[in-house]
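In terms of numbering that gives the first Met the number 0, the sequence shown is numbered consecutively and its last residue is 69.
To start, the structure itself, in structure tokens.
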Amino acid sequence: MDLVERQPNPNDRRAFNVVMTEEGRALFDEIFPKHVATISQNLSFISNDEKEQLIVLLKRIGMGAQDLEK
């Protein structure tokens, strides 16, 4: 299965970008709605406001983790 491919980075000849192939996009389009449904079902016991708070907190955690790597 060729789901992704490397393409030269047009701004940096030393680097590559990883992009989804058509096959990868098709698989993503098939799987992602199921993933969203599972997450929605698993978090059905919290309110939409609480979900929004969770999103904000997870973004802050992700950004903080990125800063730790520097």
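Heads up, the beta-carbon is just placed ideally off N, CA and C, and yes, glycines get one too.
Residue range of the unbroken alpha helix (DSSP H) whose run includes residue i
| i | result |
| --- | --- |
| Asn47 | Asn47 to Glu68 |
Short Cβ contact (8 Å threshold) for residue i with residue j
| i | j | result |
| --- | --- | --- |
| Leu42 | Lys50 | yes |
| Glu22 | Leu2 | yes |
Helix, strand or coil at residue i according to DSSP, with G and I counted as helix
| i | result |
| --- | --- |
| Pro7 | strand |
| Phe44 | coil |
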